[in-house]
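Colleague: Numbering-wise (the UniProt record's numbering), the sequence shown opens with residue 1 and increments by one. Don't be surprised by glycine CBs; every beta carbon is placed ideally from N, CA and C. So that we are looking at the same thing, I have put the structure below in structure tokens.
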Amino acid sequence: MSTEKRRRLPPEERKRQLVAIGLQELATRPIHALSVDRVAEIAGISRGLLFRYFPTKQDYYVAVVAAAARRLLRAAVPDPDDDDPLRAVVQPFVAFIDRHGRHYQAFFHGGFGTDPQIRAIHENMRNTMVERTVAAIGVEPTPMTRIRIRGWWSLVESMAIDRLDEPSVTVGDVVDHAVRLIREERA
């Protein structure tokens, strides 16, 4: 039984609706447990119609992961008046992993992380965070600087994931340590 009254939507609006439902479902289950039948039911459409918008289940998963990455990137934009733009970039990233840790790992470091489209989403997200960090700390954007900051972002990501198994370490602890590391290296 549908939880939403069936209605006809323009194709792009329907695709957005289906992705939004996928994002909501991810709050309670890992992506590999995301049921396209349940998504279709919630949307009030048939499974077949869902597959008109997303030809395969993998295509649907990629769309949901891309939407989650866009949400993360929207959250990690420092306000131009922020007195600590670096912290404003790092904190939402670490907090996102804190909220979605196991799912984040499954997206980018589990079986789904081997998918070329998922890897491209992860690379785009990482490259965007590198560029935001370059701007936030005000360094010359040389190739070596980008390589160094890319490595630092890998460390930040790893610390945020590892923190999930260390409840005594807070999101703030990870953010403080990450920010201190990059600032000490610059000194």
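Could you check how far apart the C-beta atoms of A66 and F93 are, in whole angstroms? I think they sit under 8 Å.
Modeller: Actually they are not in contact, since the Cβ atoms of A66 and F93 sit about 17 Å apart, beyond 8 Å.
Colleague: Could you tell me whether the region 116-125 touches the region 38-55, where touching means 3 or more Cβ pairs closer than 8 Å?
Modeller: As far as the Cβ criterion goes, the region 116-125 does not touch the region 38-55, which means the pair count is below three.
Colleague: Examine the Cβ distances between the region 69-85 and the region 35-47 and report whether three or more of them are shorter than 8 Å.
Modeller: No contact exists between the region 69-85 and the region 35-47.
Colleague: Quick one: complete alpha helix (DSSP H) runs, 4+ long, within the region 84-120?
Modeller: You should have 85-109.
Colleague: Would you kindly report the start and end of the unbroken alpha helix (DSSP H) that includes A68?
Modeller: Element bounds for A68: 57-75.
Colleague: Please identify the residue among V62, A33, A27 whose C-alpha is closest to the C-alpha of K15.
Modeller: Nearest option by C-alpha distance: V62.
Colleague: Label T28 either buried or exposed according to how many other C-beta atoms from any shown protein chain fall within 10 Å of its C-beta, with 16 as the threshold for buried.
Modeller: T28 should be labelled exposed.
Colleague: For R70, tell me which candidate among P141, T142, E185, A20 has the shortest Cα-Cα distance.
Modeller: Of the candidates P141, T142, E185, A20, the one whose C-alpha sits nearest the C-alpha of R70 is A20.
Colleague: Cutting at 7 Å between CB atoms, please list the residues of its own chain near V90, excluding the five before and the five after it.
Modeller: Hits under 7 Å: V156, V175, A178, V179.
Colleague: In the DSSP assignment, find the unbroken alpha helix (DSSP H) run with G44 in it and report its ends.
Modeller: Where G44 is concerned, there is no enclosing alpha helix (DSSP H), given that its DSSP letter is neither H nor E.
Colleague: Between the Cα of A68 and those of D84, A106, R47, spot the shortest distance and give me the residue it belongs to.
Modeller: The shortest C-alpha separation from A68 is found at A106.
Colleague: Go ahead and pull the three-state DSSP assignment for V36.
Modeller: In the structure shown, V36 sits in a helix (DSSP, three-state: H, G or I).
Colleague: Please name the residue, chosen from R119, P167, I147, that lies closest to V130 on a Cα-to-Cα basis.
Modeller: Answer by Cα proximity: I147.
Colleague: According to the Cβ coordinates, are A33 and I97 closer than 7 Å?
Modeller: It is not a contact, given that the beta carbons lie outside the stated cut-off.
Colleague: What separation, rounded to the nearest whole angstrom, lies between the Cα atoms of I121 and R7?
Modeller: Cα to Cα, I121 sits roughly 32 Å from R7.
Colleague: Can you tell me whether DSSP reads S158 as helix, strand or coil?
Modeller: Of the three classes helix, strand and coil, the one that applies to S158 here is helix, per DSSP.
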